[in-house]
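Under UniProt numbering, the first residue of the sequence shown is numbered 1, with each subsequent residue one higher. Glycine included, every Cβ here is placed at the ideal spot set by N, Cα and C.
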Amino acid sequence: MQGQPPLPPGWTTQFDQASGRNYFIDPTGRSQWEPPAPPPGGFGGPPPGPPPPQQGAYGQTHPQQQMGGMPVGPAAMPSPGYDLRQRANFDASRAADDCRAAMKGFGTDETKLIQVLASLGPLEIEALKQTYQQRHRRDLMKDVHGETSGYFREGLEAIIRGPLRQDCHVINEAIKGIGTKESALDDVMLSRSNADMNAIKAQYQQEYRRTLESDVKNDLSMKTERMYEMVMAARRNEESAPVIPQQIDQDVKEIYGATEGRTGTDQMTVCSVLTSRSNGQIRAISQAYKQKYHKSLEDVIKKEFSGHMEDALLFMVRAATDPAKHDADLLEDSMKGLGTKDTALVRRVVMIHWDKQRLQQAKAAYKHFYKRDLAERIKSETSGDYKKLMVVCVGGMI
């Protein structure tokens, strides 16, 4: 590198295409963003500070983290709807008036409510709620709650909350009362970006006056609780982080040594790797494990784990290796067998519908793997206005 002092013996540098920057690898294979300099304790110590801030998705800058010897990459911005300070460039006056007209007087125009609410993005929903309050001096959520019922109401309220408040609602519903609804926790909390997880933690505390960590800790037990503590720490490597072959090989060896390479299972080592790596890195780990040990990572997890921890680890691997198929499988899981898991279907459909690209990929994967159109499948498992809402959310016709 021009202007860069010579590297110490054994150090190398590589270019990371995702961030457009060089990173540095020490003789042991550990990497860092900063050029090597003699820190306290000599070379190989932690980097002396964060790399220069990078531009985020919305032009804002964010500090970086360093963990596990792997550069985590420029921090991603929260997903749309996870920063409640964001505002849409959207005049919600007509949508607010349409919603009020649909519920005013005798009877409710359910189709109009569906057409308005299912068509809006996360920031537009926030604008609609504010405009509805300003123009009609009424609370949209309370009006919808009073005019609707059943899973139709559940779906509309999930949309009105927006993705961040809905996530907090799902978590709270999953852990209150007797027993924990593990699949709901997994849907909302696993494979999330650091930015989204931190937003969920902050919003949860604001709404429920308790920390997310304390509520989840009180509801889970033993090693599953420890795994979720890792998840809630929000210290995953960013998706912009490079996939470094030496680090992937080390992770593969660690997982093997914690599972098939020993008597008994070192569960926390596997959890530590999968909760701290980016989806791109987990995908590389899965491929490298199969190549090195001739057994899929999923099969190893199924053999070595059980219960909620098995489900959670499989969720993280599947969300990384084939996210569209993962979404399709979760949707099918909500509908297969005797009876429909309606609350799960509402949760999963509304979550996916916020991201139109994700929705299209999930629909294509569903068609490929299940040989059916997703909207038609939903129609066969639901009824009434609930059916209409779910179908419109996945882009179908009513």
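Residue span of the alpha helix (DSSP H) that contains residue i, given as start and end
i: S380; result: L374 to E381
i: D91; result: No alpha helix (DSSP H) contains D91, which DSSP labels as neither H nor E.
i: K356; result: K356 to Y370
i: F305; result: Run containing F305: none; DSSP gives neither H nor E here.
i: I76; result: According to the sequence provided, residue 76 is Ala. The question's Ile does not apply to it. Where A76 is concerned, there is no enclosing alpha helix (DSSP H), given that its DSSP letter is neither H nor E.
i: P122; result: P122 to H136
i: T111; result: E110 to L117
i: S272; result: Q267 to S276
i: N194; result: N194 to Y208
i: P257; result: First, the residue type needs correcting, since residue 257 is Gly and not Pro in the sequence shown. Looking at the DSSP string, the run of the alpha helix (DSSP H) that includes G257 is P245 to A258.
i: D83; result: Where D83 is concerned, there is no enclosing alpha helix (DSSP H), given that its DSSP letter is neither H nor E.
i: I282; result: N279 to Y293
i: M227; result: M222 to M232
i: L389; result: G384 to C393
i: E213; result: L212 to D219
Through-space distance from residue j to residue i, alpha-carbon basis
i: I282; j: D251; result: 9 Å
i: T131; j: C99; result: 11 Å
i: D322; j: K292; result: 20 Å
i: Q133; j: V317; result: 43 Å
i: R87; j: D187; result: 26 Å
i: G146; j: R94; result: 21 Å
i: R161; j: R226; result: 30 Å
i: T13; j: T340; result: 54 Å
i: K104; j: Q166; result: 26 Å
i: M397; j: Y366; result: 17 Å
i: P242; j: S276; result: 14 Å
i: residue 406; j: V270; result: For the chain, the structure presents residues 1 to 398; residue 406 sits outside this window and is missing.
i: D342; j: L314; result: 23 Å
i: G177; j: A288; result: 42 Å
i: A258; j: K223; result: 15 Å
i: F305; j: A92; result: 49 Å
i: S380; j: D219; result: 36 Å
i: D299; j: S272; result: 19 Å
i: R358; j: R347; result: 15 Å
i: I301; j: Y386; result: 37 Å
i: K181; j: A344; result: 10 Å
i: M77; j: R85; result: 13 Å
i: H353; j: G395; result: 9 Å
i: A320; j: S191; result: 8 Å
i: M197; j: F106; result: 43 Å
i: P9; j: Q246; result: 18 Å
i: I159; j: V350; result: 7 Å
i: Q203; j: R209; result: 10 Å
i: L297; j: K112; result: 47 Å
i: E332; j: E110; result: 26 Å
i: Q65; j: A233; result: With a pLDDT of 38 at Q65, under the threshold of 50, the predicted position of this residue should be treated as unreliable, though the coordinate-derived value follows. Approximately 13 Å between the Cα atoms of the pair.
i: F43; j: K303; result: Residue placement at F43 is flagged as unreliable, the pLDDT there being 36, under the threshold of 50; the coordinate-derived value follows with that caveat. Answer to the nearest angstrom: the Cα atoms are 41 Å apart.
i: L185; j: D373; result: 28 Å
i: Q360; j: M335; result: 19 Å
i: A101; j: R135; result: 12 Å
i: K325; j: K371; result: 13 Å
i: G337; j: L330; result: 13 Å
C-beta neighbour in chain C for residue i, strict 8 Å
i: D373; result: Absent from the structure is chain C; it holds one protein chain and no more.
At least three beta-carbon pairs within less than 8 Å, the region 383-392 to the region 148-164: yes
Threshold first: 4 residues or longer. Then list the alpha helix (DSSP H) segments lying entirely within the region 148-189, N to C. 150-175 and 182-189
Taking one C-beta from the region 110-128 and one from the region 76-91 each time, how about it: are there three or more such pairs within less than 8 Å? yes
With three or more C-beta pairs closer than 8 Å as the rule, is the region 109-124 touching the region 304-319? no
Decide if the region 209-220 is in contact with the region 246-263; the criterion is three or more beta carbon pairs, one per stretch, under 8 Å apart. no
Which parts of the region 316-361 are runs of the alpha helix (DSSP H), unbroken and 4 residues or longer, counting only runs that do not cross its ends? 323-335 and 342-353
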